[in-house]
Amino acid sequence: MVAGELVQEHLRAGTGAPDDITVGRKEPEDEERPNEAVYAGGAGETISKRAQELEEDKEAPPDEREVMLPNGGGGGEGEEEEEKRLETRVYARRFAVLAVFSLYSLVNAFQWIQYSIITNVFTQYYGVTNDKVDWLSIVYMVAYVPLIFPATWLLDRKGLRLTALLGAGLNCAGAWLKCASVNPQLFAVTVTAQVICSVAQVFILGLPSRVASVWFGPREVSTACATAVLGNQLGTAIGFLLPPVLVPNTPDNVELTGHNIMIMFYGTAAVSTVLFVLAVIVIKDRPPLPPSQAQAVLPDSPPEDYSYKQSILNLVKNKAFVLLLITYGIMTGSFYSVSTLLNQMIMACYENQELNAGRIGLTLVVAGMVGSILCGLWLDRTKLYKITTLIVYILSFVGMLVFTFTLDLKNIHLVFVTAGVLGFFMTGYLPLGFEFGVEITYPESEGTSSGLLNAFAQIFGIIFTLIQGKLTTDHGPLSGNLFLCAWIFLGIILTALIKSELKRHNVNMGADSNHLKALTTDCPGDCPSEKKSNGDKMEPSVSFSRETSL
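If you read the sequence shown in our numbering, its first letter stands for residue -4, the second for the next number, and so on.
Now the structure itself:
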């Protein structure tokens, strides 16, 4: 997947000019010399010929000596061409790309949570049970798992632009279909619309690391990824805040409830349409020049022999990445479960607090947004991926314990504080997992690694939501939250076992130090799995493969 090429620069003493290279002439073998002397008619004549040959070599013109060397003597056009090809630059357009992507990701996340946070309102309006409204949230997770593989294949083959436009376009289509579902007998239509939105998120969730890697430099890539994830989190926050305000609980007036739902749906559709148009105008596959050395050594498009299946197999054989898949799935699945069931947990402990349930959800996500940005800035500064991930995981476990045992203390203000602490660490973990995954799987596609991480998050989210929902309904919120605490504790243990090897960081550091080699291998089938990536091998000549310890 990576174009094999030599990037190492030769350090020379003195002037360091290309003409300083010396070419030696190979001497004939010892056993040939006696025969040569005999056929020449004597040793004296042989010595005379050798002296004449050496004199001719010495007087050879510069261009002839250059012909003897590969690529014109290692200097001149070949070196200038390679230097030009590895030129890097960041463009101001990257901020527009990031902003548009983050905004339509925001709208998609808003549509995910807009039903669950006012579950009681939709159950009364459509005449359905709580579990059916829960499935309007779970469908996002169910749709993601089977569709992530064709979606990541499309991202690798067709690029960022087409994938982004599919996400924005389907998001817009689903929003408009919801406008046609505002009728107590049309619950099936609103389910169909939500399914379309759930398909759209398949083309959204895996893009933050790709947008960051392709458009942003090495000193800002983690912050950019965190900002892209931030858009999705902000959408969840707005989804917690606005629906309870726009659609208050009016059980005695079904027409008013329908009118309020229609206002919410039409507003969402209008914003989605504007963002789709902006996505068509702004988003491109990549900038004219790469933003980092790690991107410079990658091809603009997959080579002809690129194998998506082989890329998946390489990731599955990466033990560190497999552990990250499980730990990321546990943490993110827990967040999905808590977000989906938050209304039911709050209503079970505090009656008639629909509005505060939304505000608590807002507090949880906004605190997580702050955590995401701070974690991204910290990673760009320190590159301590594993240590940061482990610390955030432990603090998320502590936050979940505190939230669990303070939820039913009849103090709603305390719940705001504990939810904020939980969200700061639990939601702040999301960009950490993305960036850590890209680091330990480079040079595999960022879209593929992010897609697999999200797929496991959806799988765990489905399982956790169904089990915690059942426990909450039958035994109360305490048992459901303790169930999540047990799994998060397991995630801490597995995170500690992850072997940290920062491959992408090695490339950037090696290029800066003029000690990086990217060599093509001709034996993708024979090489060990951990050293191959579709026939190319990255070899840093100076090792930066381990994180510095605190």
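Every residue gets a Cβ at the ideal spot worked out from N, C-alpha and C, and that includes glycine.
Note to self: Spatial neighbours of residue 450 within its chain, please: C-beta separation below 7 Å, excluding the five flanking residues on both sides.
What the structure shows: 139, 140 and 143
Note to self: Contact between the stretch 187 to 194 and the stretch 104 to 114 is defined here as three or more beta-carbon pairs at a separation below 8 Å; is this criterion met?
What the structure shows: yes
Next item on the list: Give the single residue among 420, 149 and 218 whose Cα lies nearest to the Cα of residue 363.
Entry: 420
Check: Would residue 413 be called buried (16 or more neighbouring beta carbons within 10 Å of its own) or exposed?
Finding: buried
Notebook entry, point to check: Exposed or buried, which one is residue 476 when buried takes at least 16 other CB atoms within 10 Å?
Noted result: buried
Item checked: For residue 167 and residue 443, the rounded distance between their alpha carbons -> 25 Å
Check: Using a Cβ-Cβ cut-off of 7 Å (strictly less than) and excluding sequence neighbours within five positions of residue 344, which residues of its own chain qualify?
Finding: 402, 403 and 472
Item checked: Touch test, the stretch 366 to 379 against the stretch 213 to 220, Cβ-Cβ under 8 Å, three pairs minimum -> yes
Next item on the list: Pull up the distance between the alpha-carbon of residue 241 and that of residue 465, whole angstroms please.
Entry: 29 Å
Notebook entry, point to check: Around the C-beta of residue 311, are 16 or more other C-beta atoms found within 10 angstroms, so that it is buried, or is it exposed?
Noted result: exposed
Notebook entry, point to check: Does DSSP put residue 175 in a helix, a strand or coil?
Noted result: coil
Notebook entry, point to check: Roughly how many angstroms lie between the CA atoms of residue 116 and residue 243, to the nearest whole one?
Noted result: 8 Å
Notebook entry, point to check: Taking Cβ positions, are residue 547 and residue 271 nearer each other than 8 Å?
Noted result: Not covered by the structure: residue 547. The range shown for the chain is -4 to 545.
Check: Going straight from the alpha carbon of residue 322 to that of residue 487, what length do you get?
Finding: 8 Å
Next item on the list: Could you give the DSSP three-state label for residue 244: helix, strand or coil?
Entry: coil
Next item on the list: Note down, one range per segment and in chain order, each alpha helix (DSSP H) of at least 4 residues found wholly within the stretch 83 to 140.
Entry: 88 to 108 and 114 to 121
Next item on the list: Classify residue 388 as helix, strand or coil using the three-state DSSP reduction.
Entry: helix
Notebook entry, point to check: Expressed to the nearest angstrom, what Euclidean distance is found between the alpha-carbon atoms of residue 491 and residue 388?
Noted result: 10 Å
Item checked: Expected contact under 8 Å - CB spacing of residue 369 and residue 352 to nearest Å -> Not a contact, Cβ separation roughly 27 Å.
Check: Buried or exposed: where does residue 381 fall if 16 or more other Cβ atoms within 10 Å of its Cβ makes it buried?
Finding: buried
Notebook entry, point to check: Do residue 432 and residue 330 have their CB atoms nearer than 8 Å?
Noted result: no
Check: From this set, 197, 258, 122 and 233, which residue's C-alpha is nearest residue 360's C-alpha?
Finding: 233
Check: For residue 129, is the classification buried or exposed, using 16 other Cβ atoms within 10 angstroms of its Cβ as the cut-off for buried?
Finding: buried
Notebook entry, point to check: From residue 207 to residue 308, what distance separates their C-alpha atoms?
Noted result: 24 Å
Note to self: Less than 8 Å between the beta carbons of residue 162 and residue 99, yes or no?
What the structure shows: yes
Margin query: Less than 8 Å between the beta carbons of residue 201 and residue 423, yes or no?
Written below: no
Checklist line | Cβ shell of residue 177 (< 7 Å), same chain only, five flanking positions each side left out | finding: 253, 256, 257 and 260
Note to self: For residue 405, count the other beta carbons within 10 Å of its own beta carbon; 16 or more makes it buried, fewer makes it exposed. Which is it?
What the structure shows: exposed
Next item on the list: Give me the Cα-Cα distance between residue 325 and residue 458, rounded to the nearest whole angstrom.
Entry: 10 Å
Item checked: Identity of the residue in 356, 461 and 428 nearest residue 418 by Cα -> 356
Notebook entry, point to check: Cβ atoms of residue 426 and residue 367: under 8 Å apart, would you say?
Noted result: yes
Checklist line | When 470, 95 and 456 are compared against residue 275, the one with the closest alpha-carbon | finding: 95
Next item on the list: Determine the extent of the alpha helix (DSSP H) in which residue 196 is found, giving its start and end residues.
Entry: 182 to 197
Next item on the list: Might you give, ordered along the chain, the residues of its own chain that have their beta carbon closer than 8 Å to the beta carbon of residue 461, omitting 5 neighbours on each side?
Entry: 133
Next item on the list: Answer with buried or exposed for residue 151, where buried requires no fewer than 16 other C-beta atoms within 10 angstroms of its C-beta.
Entry: buried
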